[in-house]
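Chains as they are written, first to last, in this note's numbering: chain A, 1 to 331; chain B, 1001 to 1331; chain C, 2001 to 2324; chain D, 3001 to 3324. A virtual CB, placed ideally from N, CA and C, is assigned to each residue, including glycine. Everything numeric in this text was worked out from a predicted model, so none of it was measured. Structure record follows, encoded as structure tokens.
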Amino acid sequence: MSVTPQSSPAALAALPRNLLERLYRTMVRIRLFEQKALELFLAGELPGFLHSCLGQEAVAAGVCAALREDDYITSTHRGHGHVLAKGLAMDRMMAELYGKTTGYCKGKGGSMHIADFSCGVLGANGIVAAGLPIATGAALSAQMRRSGQVVAAFFGDGATSQGAFHEAVNLAAVWKLPVVYVCENNHYAVSTPLERQMRIASVSERAAAYGIPGITVDGNDVVAVYQAAGDLIERARRGEGPALLECRTYRWLGHYVGDPATYRPPEELAWWKSRDPLLIFERRLLQEADFSEQELALVRREASDELEAAVDFARRSPAPRPEDALEDVWP
Amino acid sequence: MSVTPQSSPAALAALPRNLLERLYRTMVRIRLFEQKALELFLAGELPGFLHSCLGQEAVAAGVCAALREDDYITSTHRGHGHVLAKGLAMDRMMAELYGKTTGYCKGKGGSMHIADFSCGVLGANGIVAAGLPIATGAALSAQMRRSGQVVAAFFGDGATSQGAFHEAVNLAAVWKLPVVYVCENNHYAVSTPLERQMRIASVSERAAAYGIPGITVDGNDVVAVYQAAGDLIERARRGEGPALLECRTYRWLGHYVGDPATYRPPEELAWWKSRDPLLIFERRLLQEADFSEQELALVRREASDELEAAVDFARRSPAPRPEDALEDVWP
Amino acid sequence: MSQIFYRQAVRDALREEMRRDERVFLLGLDIGRFGGTYKATQGLWEEFGDERVRDTPLSEAAIAGAAVGAALTGMRPVAEIMYMDFITIALDQIANQAAKLRYMSGGQARIPVVFRTQEGAGRSSAAQHAQSLEAWVAHIPGLKVALPATPYDVKGLLKTAIRDDAPVVFIEHKLLYGVKGEVPDEEYLIPFGHARVCRQGTDLTIVALSRMVWKALEAAEVLAAEGIQVEVIDPRTVVPLDLATILASVRKTGRLLITHEAYTGFGVGAEIASQVVEQAWQTLRKPPRRVCGRNVPIPFAPVMENYVIPQVSDLVEAAKELMR
Amino acid sequence: MSQIFYRQAVRDALREEMRRDERVFLLGLDIGRFGGTYKATQGLWEEFGDERVRDTPLSEAAIAGAAVGAALTGMRPVAEIMYMDFITIALDQIANQAAKLRYMSGGQARIPVVFRTQEGAGRSSAAQHAQSLEAWVAHIPGLKVALPATPYDVKGLLKTAIRDDAPVVFIEHKLLYGVKGEVPDEEYLIPFGHARVCRQGTDLTIVALSRMVWKALEAAEVLAAEGIQVEVIDPRTVVPLDLATILASVRKTGRLLITHEAYTGFGVGAEIASQVVEQAWQTLRKPPRRVCGRNVPIPFAPVMENYVIPQVSDLVEAAKELMR
Ligand SMILES: Cc1ncc(C[n+]2csc(CCOP(=O)(O)OP(=O)(O)O)c2C)c(N)n1
Ligand SMILES: Cc1ncc(C[n+]2csc(CCOP(=O)(O)OP(=O)(O)O)c2C)c(N)n1
Ligand SMILES: [Mg+2]
Ligand SMILES: [Mg+2]
């Protein structure tokens, strides 16, 4: 296993300004969206259940910033961040959480199934690890079509215990497919800590079984994520095959909203909260790049305006009719 | 990956005489049984299909000699060698191949499903890799019952691409279960060579993904197999957890009888045939231990007598009645 | 008698059997300290510890397979598949191994394993967390299949399942965990293959599975007010199926309505209807009617979700049509 | 017209579609140089090469999932599952992904994937290599299911399956590969949901699936000699199901016998029987009769194997009983 250390000030400063702003904007959008979703869920406005990615914003932001617009992602039950980072709009996402006809999935999918094929979002997935074989297939398609596209497949630490993980990564390795498997290692699968899921210290060690690179980065350092992901994505684009990227991070809330997460030591949460990926990046943008507080405030305001409009849009959107349930089964 | 070299003359000479004889006897029994099964199948006497393990005798013999009588094995579609080595009798095996009521499975299982729970044979399996989770469960049971039993799970190189392999080995690693996963790497899964199944040189490299030992041995060297298996089995029995043992070998025939195996270079087969595990061992018993040609001939004659009696038994045994098919579904 | 929740009845059954027989143990995702997604195993880890209440990695194939292997070698595992939708991943071990190992070995194997899971819609869980897939496992010879609808039944049937030497797929319903009902304080078992006549009636027989039993009883109330006397039967296990009790009722009423949440097409209702038609042809006055899940995936938005699974009003309407 | 084997018809369909549309490609175990276990893909690797005839590692979940992912992104994969029994391993991708992605995405996804497989007993392959599991996939909304019985049908239906934008489970039969039949030299397609009336008759309707079509035709011969005129119908696809053709026949004959190799219990026959009873109640003179696989795993020994799957004599006998 190779470990990329936390990115240096020089590394950050070397990145283009608009990229830094984009990374920041994405993280802010995810943070605000998730906070609002939580609030609305607790207020009883949203049906179903909700898996919050608060605290994990840097992974989605860093990886997706390294993707081309026509690249693909597959996402998970904890997928709001991934799809926002890939470019989805808050309004249609929020409408989907409300189960409205204007949602990305017309209210048929909900939080766990947001998809937008026009943006390369091949779908969040309610079945843990099921996105990985699909990502492998999209990469196969990209390779066969010689489109130059790359796929990023998001999944959790828990997902690496699934047979589908093994089969999908192995197949991609054998065929040298352009796909990067991005493990958001938040150290728990529901209540089960890493050391009860596997007898290795790092998920990236699993890459050895497939003869592909395995890299571990600080998943709360958006610059480190961006750089590692970028390297592996460009490597994949050059035809050198898949890789496994482990981003070490932490979910601030329980597995779903309502889970008090009493299985985690409070000091563990405190430690990770002290490493808030958004605050860290904000501080660095001010200190290591030449961003001003005003500039960042503007980004935050724009995101919050988008969010407010999104909630408004979702609330005012029409609910589906019961019989709409019968549509969209067959092409 | 650590590679145990071919065993030395000293290693062989250090083994007890009765163990050496047992290893030889087992390999002879497998060789003769498989040759006869092939002959009977080609003569149209046996229904179904047949996966021959000719050329792979040393793996089954070496591993099972290192097991206790009350230890368990799980086997595969190519399983005659495994179960003979674990102690099954030729007569009831042959009867099973004939589909007779006196067979181990009363003619319900056939070649691919031979089982004898009283001998610790938890069953051959027609689903590739399906025996691995079962082996994990038997090891869990042994651990929970504190019985001191160990499980050896046999499977092929192809099986390591199955999700079930990954899930089963990982679970055993996490729970430190007493099981040794024995990969008979015969370099092909049906027509698919190793390099189209995985992008690593050795199956044992996969052990790294689970934090367990992975060892590769010459699978045509019964002494090397016995020693490596013995070490890992005793390690497991001591409570130190599972391991992955790769035995490199080759099947002499096609995937099933009838497959001309034209996908393999003839010189490859010739090379492996020049390394006939039985002939090698025979020569070494004469040269490196103090066995006489007469002694070995006696073992061969005993095995061939057993075989002749077995075929006779099978042929004379009654066929099931049609309605017998309705029995044995429910306990 | 005490009034307890369905989830408590599950837990009590597990606890009693674990106390009675040390070979009984549990494995599955987050069933230990976490107590299970629907809290049905809460408190058991505290009593029995890591060894007998085993949290596993996220590996349904290994969960099921390890349970099969342990069952083959002297243990009596209860393996939990968190949502029945995820049975896809464990199905080889359930349908090709557990169901067949006894047969393939000529009757040698005993496989005393219970696969506990839960199914059903009604929580906006969408297409991959709300299916009712009992038809899949019922189709495979060698598996028994139970779908308890009440606290009383879930406890008595689960204890029976654990003592059975055959593999049992034990299907709870996610919306029943919070239902309360009377459960005896003393031990009891409910044999498999014995339907429960939940309400007697003379005009129409409703055979209902799982949560639909409750809706059928509600519908029967409504219909009674209009003078239609409905008999409600809960088969409780679909393999083995107590056809005799259903036939006895149909011979009395001449009319049969079958209801389950699972997709109508190729569902359990078709088998029950077919068997009744084969056996009670002379006494049926109308063709059996299925009021089951619509043949579409389960949608997320509640208004659509409610539409695709049968509601009380659907039952009332269908019953009235049958009475015409 | 040429007389060709069923396996050749499969191959011709694949070849024609691959020539017509470069997005079509094949993936599966040993389908390339080896030509497939039943030699149905022989010669295609030689023509289309490694890129479009892809041997995979032994990973059914990845085979199915990669096909789904490729289908979502512009390709038209045909994924082979060597034996239908192994669908257990691929079922999550088939039933929870392929079947539902369109619905869950609000109609965005197109998933033009074909899962080719083969089923059936009769070769002493025992319990894990001889099952007929069409009921599993037919139960899941979003999947189409075809079971061609003749060279003509397998070619025309496979071409249609490949051009369909919905996922199709395409189920061949291992004992049909060596069957010969007439196939036009010019191109043709067979639409899904159109049953074939294989033989006309007035006394009794037999609905038969897959290889049972041939046995039904044999039984019809035998029965004709005794003065019983049997109409034999092959639905060809069970999803969509051409109920109209079956109903038209039953309205004429008043008697229905359904036969398939799959386990009787909770099988496709129950659905067909139920739908016919619901729709043709008035004209049925007898309850529909199912002559299907017995509810036991498939045994190895031929004498037992023959006993558990329906034979011509079973059909003849059941038909005569229905005529009484
Ligand atoms: C196959 C499957 N098994 C179980 C579940 C229930 N489940 C949903 S999320 C989850 C934990 C996933 O852990 P991880 O992959 O680490 O992702 P995280 O939730 O931590 O982001 C579980 C067990 C599921 N959705 N799919
Ligand atoms: C899940 C599954 N997929 C496919 C098959 C068909 N099949 C039987 S044996 C085999 C190859 C197995 O290769 P390997 O594991 O290397 O064992 P070997 O035959 O070489 O001993 C295949 C593909 C099967 N039985 N089960
Ligand atoms: Mg996690
Ligand atoms: Mg092999």
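Other residues of its chain near residue i: CB distance less than 7 Å, five sequence neighbours each side excluded
i: Q3128 (chain D); result: D3085
i: D2021 (chain C); result: R2076
i: G2269 (chain C); result: I2258, H2260, R2290, C2292
Residue burial classification, residue i (beta-carbon count within 10 angstroms, cutoff 16)
i: V1003 (chain B); result: Its pLDDT being 41, under 50, V1003 (chain B) is placed unreliably by the model, and nothing is read from it.
i: Q1287 (chain B); result: exposed
i: K2313 (chain C); result: Inspection of the sequence shows that residue 2313 (chain C) is occupied by Ser rather than by Lys. S2313 (chain C) should be labelled exposed.
i: R316 (chain A); result: exposed
i: P5 (chain A); result: Bear in mind that a pLDDT of 46 at P5 (chain A), under 50, signals an unreliable position, so the model cannot answer this.
i: Q2008 (chain C); result: buried
i: E1096 (chain B); result: buried
i: S1007 (chain B); result: buried
i: D3185 (chain D); result: exposed
Beta-carbon spacing of residue i, residue j below 8 Å
i: A129 (chain A); j: A152 (chain A); result: no
i: G1107 (chain B); j: P3297 (chain D); result: no
i: E2051 (chain C); j: M1198 (chain B); result: no
i: I2162 (chain C); j: V2114 (chain C); result: yes
i: Q162 (chain A); j: S2059 (chain C); result: yes
i: A3135 (chain D); j: G3267 (chain D); result: yes
i: I134 (chain A); j: L3072 (chain D); result: yes
i: A1060 (chain B); j: H1082 (chain B); result: yes
i: K2159 (chain C); j: E2017 (chain C); result: yes
i: P3057 (chain D); j: L15 (chain A); result: no
i: I3246 (chain D); j: R3290 (chain D); result: no
i: G62 (chain A); j: L23 (chain A); result: yes
i: L1245 (chain B); j: I1215 (chain B); result: yes
i: M2339 (chain C); j: L2133 (chain C); result: Past the boundaries of the shown model lies residue 2339 (chain C); chain C is included only from 2001 to 2324, so the question cannot be answered.
i: A1013 (chain B); j: V1225 (chain B); result: no
Close-in-space but distant-in-sequence residues of the same chain around residue i (CB under 8 Å, 5 per side omitted)
i: R3102 (chain D); result: Q3108, A3109, R3110, I3111, G3142, A3166
i: D70 (chain A); result: G120, S147, Q149
i: F2005 (chain C); result: P2151, Y2177, G2178, V2179, K2180
For residue j and residue i, believed in contact at Cβ under 8 Å, the rounded distance
i: T3205 (chain D); j: V3250 (chain D); result: 5 Å
i: A1218 (chain B); j: R1248 (chain B); result: A small fix is needed here, since residue 1218 (chain B) is Asp in this sequence, not Ala. So it is a contact: roughly 6 Å between Cβ atoms.
i: E2261 (chain C); j: S2210 (chain C); result: 7 Å
i: P1242 (chain B); j: L1177 (chain B); result: 6 Å
i: A319 (chain A); j: K100 (chain A); result: 6 Å
i: C1053 (chain B); j: M2104 (chain C); result: So it is not a contact: roughly 20 Å between Cβ atoms.
i: V3230 (chain D); j: A3318 (chain D); result: V3230 (chain D) to A3318 (chain D), Cβ: 11 Å. No contact.
i: A2146 (chain C); j: V2168 (chain C); result: 6 Å
i: Y2307 (chain C); j: H3139 (chain D); result: With 8 Å as the limit, Y2307 (chain C) and H3139 (chain D) do not qualify as a contact, their Cβ atoms being about 20 Å apart.
Neighbourhood of residue i by C-beta, 6 Å cutoff - its chain only, sequence neighbours within 5 removed
i: L46 (chain A); result: L40, L97
i: Q2275 (chain C); result: L2243
i: A1142 (chain B); result: Q1149, P1178
Chain F contact for residue i (CB, 8 Å cutoff)
i: I3089 (chain D); result: The structure shown contains no chain F; the protein chains it does contain are A, B, C and D.
Runs of 4 residues minimum, wholly inside the segment 1219-1298 of chain B: which ones carry the alpha helix (DSSP H) assignment? Counting whole runs of 4 or more residues, the segment 1219-1298 of chain B contains the alpha helix (DSSP H) stretches 1222-1237, 1266-1273, 1277-1287.
Runs of alpha helix (DSSP H) wholly within the segment 3082-3145 of chain D (minimum 4 residues, chain order): For the segment 3082-3145 of chain D, whole alpha helix (DSSP H) runs of length 4 or above, ordered along the chain, are 3087-3091, 3101-3104, 3134-3138.
Note down, one range per segment and in chain order, each beta strand (DSSP E) of at least 3 residues found wholly within the segment 44-75 of chain A. Qualifying beta strand (DSSP E) stretches, in chain order: 72-74.
Those runs of the alpha helix (DSSP H) which lie wholly inside the segment 3041-3066 of chain D and span at least 4 residues: 3044-3052, all fully within the segment 3041-3066 of chain D.
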